[in-house]
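A short worksheet on the structure shown next.
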Amino acid sequence: MTDIPKKTLIHLYKLMLRIRRFEEKIVDVYCDQDMKTPVHLYIGQEAVAAGVCANLRREDYVFSTHRSHGHYLAKGGDMRGLMAELYGRKTGCSRGKGGSMHVVDPEVGVCGSTAIVGGNIPLSVGAALASAMQKKKRVAVSFFGDGAADEGVFHESLNFAALKKLPVVFVCENNFYATNSHQSKRQPHDHIYKIAKFYLMPGVRVDGNDVVKVFNAAQEAVKKARTGRGPTLMECRTFRWKGHVGPECDIKLGCRKQEELNKWVKKCPVRRFERELLKGGTLKKAQLDRITREIDGEVHDAYLFGRRSPHPGVKELLEDVWKLN
Amino acid sequence: MTDIPKKTLIHLYKLMLRIRRFEEKIVDVYCDQDMKTPVHLYIGQEAVAAGVCANLRREDYVFSTHRSHGHYLAKGGDMRGLMAELYGRKTGCSRGKGGSMHVVDPEVGVCGSTAIVGGNIPLSVGAALASAMQKKKRVAVSFFGDGAADEGVFHESLNFAALKKLPVVFVCENNFYATNSHQSKRQPHDHIYKIAKFYLMPGVRVDGNDVVKVFNAAQEAVKKARTGRGPTLMECRTFRWKGHVGPECDIKLGCRKQEELNKWVKKCPVRRFERELLKGGTLKKAQLDRITREIDGEVHDAYLFGRRSPHPGVKELLEDVWKLN
Amino acid sequence: MPWTKLQADAAHREHSLPGRRRGRRVTYREAIREAQDQAMNIDPSVFIMGEGVDDPGGIFGTTLNLDKTYGRDRVMDLPLAENGFTGIAIGAAIAGMKPILVHMRMDFLLLSMDQIVNHAAKWRYMFGGRQTVPITIRSIIGRGWGSAAQHSQSLHGLFTHIPGLKVVMPSSAYDVKGLLLASIADEDPVMFIEHRWLYDQEDHVPENMYTIAIGKGRVVRKGTDMTILAISHMVPEALRAAKILEEEHGIRCEIIDPRTLRPLDEKIILKSVKKTGRLLIADYGWNTGGVAAQIASIIAEKAFNDLNAPIRRICLPDAPTPGAPVLEEAFYPGAEDIIRLVRRMLKGQDR
Amino acid sequence: MPWTKLQADAAHREHSLPGRRRGRRVTYREAIREAQDQAMNIDPSVFIMGEGVDDPGGIFGTTLNLDKTYGRDRVMDLPLAENGFTGIAIGAAIAGMKPILVHMRMDFLLLSMDQIVNHAAKWRYMFGGRQTVPITIRSIIGRGWGSAAQHSQSLHGLFTHIPGLKVVMPSSAYDVKGLLLASIADEDPVMFIEHRWLYDQEDHVPENMYTIAIGKGRVVRKGTDMTILAISHMVPEALRAAKILEEEHGIRCEIIDPRTLRPLDEKIILKSVKKTGRLLIADYGWNTGGVAAQIASIIAEKAFNDLNAPIRRICLPDAPTPGAPVLEEAFYPGAEDIIRLVRRMLKGQDR
Ligand SMILES: Cc1ncc(C[n+]2csc(CCOP(=O)(O)OP(=O)(O)O)c2C)c(N)n1
Ligand SMILES: Cc1ncc(C[n+]2csc(CCOP(=O)(O)OP(=O)(O)O)c2C)c(N)n1
Ligand SMILES: [Mg+2]
Ligand SMILES: [Mg+2]
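Sequence lines, in order, name chains A, B, C and D. At position 121 of the first sequence (counting the first as 1) the number is 121 in the working numbering, and the numbers step up by one without a gap. At position 25 of the second sequence (counting the first as 1) the number is 25 in the working numbering, and the numbers step up by one without a gap. At position 316 of the third sequence (counting the first as 1) the number is 316 in the working numbering, and the numbers step up by one without a gap. At position 223 of the fourth sequence (counting the first as 1) the number is 223 in the working numbering, and the numbers step up by one without a gap.
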C-alpha cells in the first residue's frame, strides 16, 4: 500500500464510495416504484471495479454485465446519465432504451453492458483486437461473474485472446453465486483463475474486498496488456450483500445464509479501506466526512436530475433500430 | 502388450483392418460418382476407434462426428448398412436420409453422428447422465477432433460431466488439423489433455497410432466410468492420411506438407501392429492373410449390397420428420 | 409406457370433460407445476433441468418444492451453459429419458439454437426414424418493469420455422396442463412457451392427468362478424376486446386460440373465416416474418374467396423491447388496439 | 470515411451504369472477392475473419489469396468457436473496425445466434443510438452431393424476423459486388447470404467500386400476366421458367428480385402486382414461417383488391434436407415447378 501515491489512494476511496452511496440511494428510492428497471446491486463488490478501473485510461474499453453500475461509475461514466437511465428518462445514458442492465458512456470507454451472462467477454476481446490492429495501445476489460465462467464463450474468448496475445484483462468477480445457485452446484472446482494456465496466460486470484490488492494486481495486468504482452485473468473473490436483483437482502428468502453474509460484511471493502486510510494517516476523519458529503451531494443531484428529466416521446419507440441509407 | 489376451489382440487388429479396408474401398469406388456423399476418411486414425471400442459393451453409447466410419465400425455397426448409407440407399443404416456424416446403429449403441463440430460431446454427456439416472452402468463415449476442442461446448460438457461424475469418456483425436487449419493457428498451446486437470478429472495423452496404448488407456477410463468414478479425457495424437474430405490426398493442394504425412505413414497403426503381432508370434503371416481375405470379402459383400440396394422412394422425403398423434 | 393411454384419450377426453364450468379452479402457474409433478410421479424417466429450478423462486413457482419431492437429481439445477446442457438433455432423451428443460427467459434459447435446431429437430429425420428426441423445452416470455431488449423476447416465430419442432403456446390453465402433459408424452422435441402474465389466471382444471392433442386449436368465444386469432397472452386481451365490442358496438367476434403454432390447426381457422369473412391475428411476436405472417399467408391463400377484407395483424412493433416504462407501454399491444382495428375493419357496415 | 460518397451515389449510379450489357464479364465468386479486395484496399478498418479464409480453398475462392495481399492479420483464420468469434467481431466493430465475418455454411450461424440476435441486432437500440455495430456476416448456402440436414440450410427466414438486422441475398454478380460493398459501408449488422450455385454465374460487373442501396429490389424481367418474386438461386430458375412459359405458352411473367429481404422493397412488388394481378413467390427457404410467408402476407394485405388469384409459394418442403440423391432431387424446387404452378394459376384463360 505504501508504494501507492496518496492521491491514488484517495481516488480509489472516492471511486468505491461513489458506487456505494449511489446504490444506497437506489435502495432508498426504489420503493417509490418510479425506478422501473431490474437493479442488480453491486454493494459489497466495489473494490473490484475501483481497483481495476483506477488503472485504466479514459480511452480504454470496459464491457459490463447486468450488474453494471459499479463498472460504469468506476470507469468515469456520467452519474446523472446513469440515474436518469434507471428512471427510463430521455436524458439517460442510453436515452431510456436500456435501463439498469444496458448502460453506456462511449466518451469514457464504457462500451455497454449486456444482460446475457458471458456475452460481454468476447466483445472485450474484440475491442482488444481492434486496439491491436489500430496500434492504439488501448486496453479492454470485461467484468463478469463466476456464473459467466460456466459459459463456453468464456473459454472461446480466453483461447482467442491468448492465441493473439491481445490487450485484454478478464476480471472475474467471484461472488460465489449465480442468482441463487452456489458455485459448488455449477463447477466441480473452486479455482477459476487456474484456467488461465491452460491458455498459457497469467491467472491471479485476488481478495476482491481489498482495493489495494485489486489495484496492484490490475496494474500488473494492464501494464502487460498495454505493452503487448497479452491478456490476464483475474479472479476477484468477493460477495454481494443484496439479493441477486432488487434492493432487498435475500437471506430471509432462504437464498443464502446469514452467517455467510456477516462474514463478508465484516470485510466491507469501503469501511476496511477507510480504516486503513485513517490508520495510515492518509486521511483524517474530517476529510473523510467532507468526501462523503461531496459524494452525497453529487448523488442527490443525479437523483433530482434523473427523476425530473422528461420521459422519452412515444415516437422514439421506433428510432435507433437501425439507420437506413 | 503381453498382459492383453491373444484373442483381444487379434480382435483389435481385425477392428482396425476392417476400417482400413472399408475406406480403401471407398477410395476405389468414389470416382464412379455413385457414392454422392461427402466422405471424411479415417485412414491413419484406426487405432483410436479400435483401441477405445474394444473396451466397450454392446449396450454402451458412442456419439460420433462427420468422420464417422471408424467409430461406427469399431463399435460393431453393420457394415452393409453403412455402405448402403453412403450410397444413399433405402437399406442404409439411416434409411438414406443421413449419408456419410449421419450414421446410426442403435442395436449396438451407435447413437448417431453429427456434422456440427463439437455437437456430439454434450450428447454423450447426456447419455451418460441417463445411464447414471437409470442405474444402468452403461458408459458413453464421444469421439471428436482437436478442432472440436476449440468449441465452448467442449468445456461446458467437461464441466458438467466432472460436476456430476458421469460415466463418460471423452476421446479427442488430435490429428493437428481442423480442415486445413493447423492446431497452432487455433490454440495457443499443444496440451489439450491438460484441460482435464482444471475440471479435476483424469486427462491422458496417448500415442493414437499405437492401438495397444490406446486400448490400455481406454480400459482404465472405461473402468473408472463404469464403476462410478467419473469421466476421463483422452487426447490421442494421430494423423489423417487423406484430405479433410474426399478420397484424395491434400498435399498437392498445399494443405499440408509431404514430410509431415510421411512421418505419420511410417507410424501406420495397422502395419505397425501387424509387425508386432508377427514378431510376438501372436499371428503367422498365413493367418494375417486369411483375416485380410475374410475382411475384403465382407467389404465386397457390403459394397455389392449397398450399390445394388434400391433408392428410397420420393414419398419418403416427408417421412420421419416427426410423429403426429 | 404409462403415456399411450393418456394420449389416446386426448381428443375425446377434452369434450367429455365434466363441462369446463364445474370442477376446482387452479392457476396457470399451479397447473404447470401439477403437470410436471404428476408426470414425474408416474414415469421415472421424466426429470426437470434448469437454472434455478430448485431454488426458493422455483421458476416463478412452477417448479417450487418439486426438488423436495423428487430430489435434486431429478429436479436439477444447472451451470450457465445453455448450448451444452441443451445437448445434454437431448443426449439423455436419446438414451431413453424424458427431460423437461426450463428457461426462465426465452431469450436464453438463442444460446442453444445449435442443439435445438441442428440436433434435436433433425435427429429423427437424419437417422431415418431410428432415433427420437422426446424432450420438452419450457421457456417463459416476460414483460414489463424494464426487462428491455434481452429479457423479454417472444421468439416463437423462429422455432415455428423449423421442421421437426412442435411449438405449443397455451393461454389457459386448463390448456397448459393438458398440453404440457401431451408434450412430455410426445416422442418429439416440443418448444413449450408460457407467458408470465398468464401465471395468475385461473381456470377449471381437472385434478386427474389428461392430455390435449398437440395441433388442435380451440374456439374460445363464438361470434359471426369477425374472427380473431389470438396467441398466448393476446387471448385474454382479445376476450376483453370482444366483450366491449359486443356490448358497446354490437360486433360479435369469434376468438380462436390455436394453442399449438406448429403443427397448426388450419381447419378451425378456415371454418371460422368461412363464417365471418374477416380475420384479425393478434400475436405476441414481432410483426415482420413472425407467426402472424405465417398464418395470414396460409389463410389468405386457402380462404381467398371467403375473405371480405384483408387479413390484419396486431403484433409487436419491429423494434427490440425498450426499457423505459413509457416506451414499454407503447410497445405492447392490447385490447384497445384490437377494438380499434376491428372497428376499422368493419367500417361501412354500421350497427 | 471513404464510404459516404460511394453510398450517396448508390441509387443514381445503378441506372447511369454504362448499360448493363457492355463492360467486362465476371463471375459471382470473383465479384465477391473483388468487393472485399477493394474495400480492404481503401479502408484499413475493413478486415476478414473466418474459418479457412486463408487456406488453399479460400472459401470456395471468394477470399483466395487475399491473405497474401493483406496479411493474415487482416485475413484471419479462426478457431472453431462461432459464438465467441462472432462476439469478437462485434466487439471489434464497436471499437471502430469493419469486420467481414465469413461462414462457409449458413448452418453454423446457429451457434452464434446469441451474439447476432441478442447483441449485434440490439446494440444500437439498447444504447439509444450511441453505439453501432458495422459488421457484415457473410454466409453461404450449399446444395447437393448429400450435404444433408446440417450442411445445407437456408436460414434467411430466421434473420428476417429480427429487428436490427439487415438481410441481403443477391442473385447476380453485378448485385453481389454492389451490395457487398454497401453492406461493408453500412453502419449496422448485415446478414449477407450467398448461394454456392450462383458462384459461376457471370454478369457485367464494373471494375470500379459501386454500391447498390440496401432495400431496393430489381425487375429482372418485364411481363404482364404474372409476377414472380424470386429469391437468390430461384432467380435463374425463374428466368428459365419465364422463357419457356413465354415461348411455349405465351405467358409473359414479370420477375422481381428483392435482393434485400429486410428492409423489403414493397413498392416494387406492389407496383408489379397491380399490373399482373397475380403473384408467385419462389423462395429458397422452408415454406412454413419463412420469408415467402412474410412477403405473401404483406402483399395479400396491401394489394387485396389487385389480386385476381391467391398468392402461391414455391419453397423448400417442410423437412430437413435429406442425404440421398434421389430425395435431394425431390427436395429442391426448380423451373419445372414454377412452370407448372404458373400455368395452374392462369388456368381458364387459355391462350
Ligand atoms: C445466458 C444467460 N443465462 C442465464 C441468465 C439469467 N441470469 C441473469 S444473471 C444470472 C447470474 C449470473 O451470475 P454471475 O455471472 O456470477 O454474476 P452475478 O450476478 O453473481 O454478478 C443468471 C443466471 C442470463 N441473463 N443469461
Ligand atoms: C460448428 C462447426 N463449425 C465448422 C464446421 C466446418 N467443419 C467441418 S469439419 C471441420 C474440421 C473439424 O476438425 P476436427 O474437430 O479436428 O476434426 P477432424 O476433421 O480433424 O477429424 C470444420 C471446421 C462444422 N462442421 N461445424
Ligand atoms: Mg456470481
Ligand atoms: Mg483435427
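We put the beta carbon where it would ideally sit given N, CA and C, even for glycine. From a predicted model like this one, the values you see are computed outputs, not experimental measurements.
* Validate contact between the region 155 to 170 of chain C and the region 218 to 228 of chain C using beta carbons, cut 8 Å, 3 pairs -> no
* Asked: Should R67/B be counted as a contact of ligand 2 given a C-beta to heavy atom distance under 8 Å?
  -> Taking 8 Å as the cut-off, the C-beta of R67/B counts as close to a heavy atom of ligand 2.
* Work out the CA separation of R72/D and V212/A for me, nearest whole Å. => 41 Å
* To do: Measuring only between beta-carbons, confirm whether Q7/D sits less than 9 Å from chain B.
  => no
* Would you mind listing the beta strand (DSSP E) stretches within the region 222 to 249 of chain B that are 3+ residues and don't spill past its ends, in chain order? => 232 to 237
* Asked: Does the beta carbon of I137/C fall short of 8 Å from some heavy atom of ligand 1?
  -> No, Cβ of I137/C sits at least 8 Å from all heavy atoms of ligand 1.
* Give every residue whose Cβ lies closer than 7 Å to any heavy atom of ligand 4, listed in chain order. => Result (chain order): G145/B, D146/B, G147/B, E173/B, N174/B, N175/B, F176/B, Y177/B, A178/B.
* C-beta neighbour in chain B for V326/A, strict 9 Å -> With chain A covering only 1 through 325, there is no way to say anything about residue 326/A.
* Asked: Among T227/A, A221/A, I251/A, V125/A, which has the Cα closest to the Cα of A92/D?
  -> Looking at the Cα atoms, V125/A is the closest of the given residues.
* **Expected contact under 8 Å - CB spacing of S139/D and P38/B to nearest Å** => That belief does not hold up - the Cβ atoms of S139/D and P38/B are roughly 18 Å apart, past 8 Å.
* Relative to the alpha-carbon of I251/A, which residue among Q219/A, N180/A, N55/A, E235/A has its alpha-carbon at the smallest distance? -> N180/A
* To do: Would you mind sorting H151/C into buried or exposed? The rule is 16 or more other CB atoms within 10 Å of its CB.
  => buried
* Asked: If we cut at 9 Å on Cβ distances, does N262/A have a partner in chain B?
  -> no
* Got a sec, what are the start and stop residues for the beta strand (DSSP E) N174/A sits in? -> 168 to 174
* Return no unless some Cβ of chain D is closer than 9 Å to the Cβ of R95/A. => yes
* Just reading off the alpha helix (DSSP H) that H102/A is part of, what are its end residues? -> Careful: H102/A lies outside any alpha helix (DSSP H) and carries neither H nor E.
* Determine the closest residue to P310/A out of G81/A, Y72/A, Y61/A, K90/A, with distance taken between C-alpha atoms. => K90/A
* Asked: Going by the beta-carbon positions, is the gap between G50/C and L101/C smaller than 9 Å?
  -> yes
* Around the C-beta of I228/C, are 16 or more other C-beta atoms found within 10 angstroms, so that it is buried, or is it exposed? -> Flag for I228/C reads buried.
* Contact set between the region 190 to 214 of chain B and chain A, restricted to residues whose Cβ is under 9 Å from the partner -> H191, K194, I195, K197, F198, Y199, L200, M201
* Give me the Cα-Cα distance between A115/A and G147/A, rounded to the nearest whole angstrom. => 13 Å
* Please list the residues of the region 74 to 92 of chain C that have a C-beta atom closer than 9 Å to any C-beta atom in chain A, keeping them in chain order. => D77, L78, P79, L80, A81, E82, N83, G84
* Do you know how far the Cα of V265/B is from the Cα of N287/C? -> 59 Å
* For chain C, find out if any of its Cβ atoms is closer than 9 Å to the Cβ of M345/D; answer yes or no. => no
* Asked: Taking only beta-carbon atoms, is K302/D less than 9 Å away from chain C?
  -> yes
* Asked: If you draw a straight line from the alpha carbon of N209/B to that of P269/B, how long is it in whole angstroms?
  -> 5 Å
* Asked: Taking buried to mean at least 16 other C-beta atoms within 10 Å of its own C-beta, is A286/A buried or exposed?
  -> exposed
* **For D257/C and S171/C, believed in contact at Cβ under 8 Å, the rounded distance** => Confirmed, about 5 Å.
* Take D186/D and list the residues in its own chain whose beta-carbon comes closer than 7 Å to its own, dropping the five residues that flank it on each side. => Sequence-distant Cβ neighbours of D186/D in its own chain, meaning closer than 7 Å and more than five residues away, are P134, K166, I214.
* Measure the C-alpha to C-alpha separation of G217/D and G285/C and round it to an integer number of angstroms. => Looking at the two C-alpha atoms, the distance is approximately 26 Å.
* Closest Cβ-Cβ distance between N180/B and chain D: below 9 Å? -> yes
* Asked: Does the pairing of the region 112 to 122 of chain C with the region 299 to 313 of chain B give three or more beta-carbon distances under 8 Å?
  -> Remark: fewer than three beta-carbon pairs, one from each stretch, lie closer than 8 Å, so the region 112 to 122 of chain C and the region 299 to 313 of chain B are not flagged as touching.
* Asked: Using a Cβ cut-off of 7 Å, which residues of the region 28 to 52 of chain D contact any Cβ in chain C, in chain order?
  -> Cβ contacts with chain C: none found.
* **Extent of the continuous alpha helix (DSSP H) run through H249/D** => Segment 234 to 249, the alpha helix (DSSP H) holding H249/D.
* Asked: Since V102/C is in the beta strand (DSSP E), which residue starts that stretch and which ends it?
  -> 98 to 103
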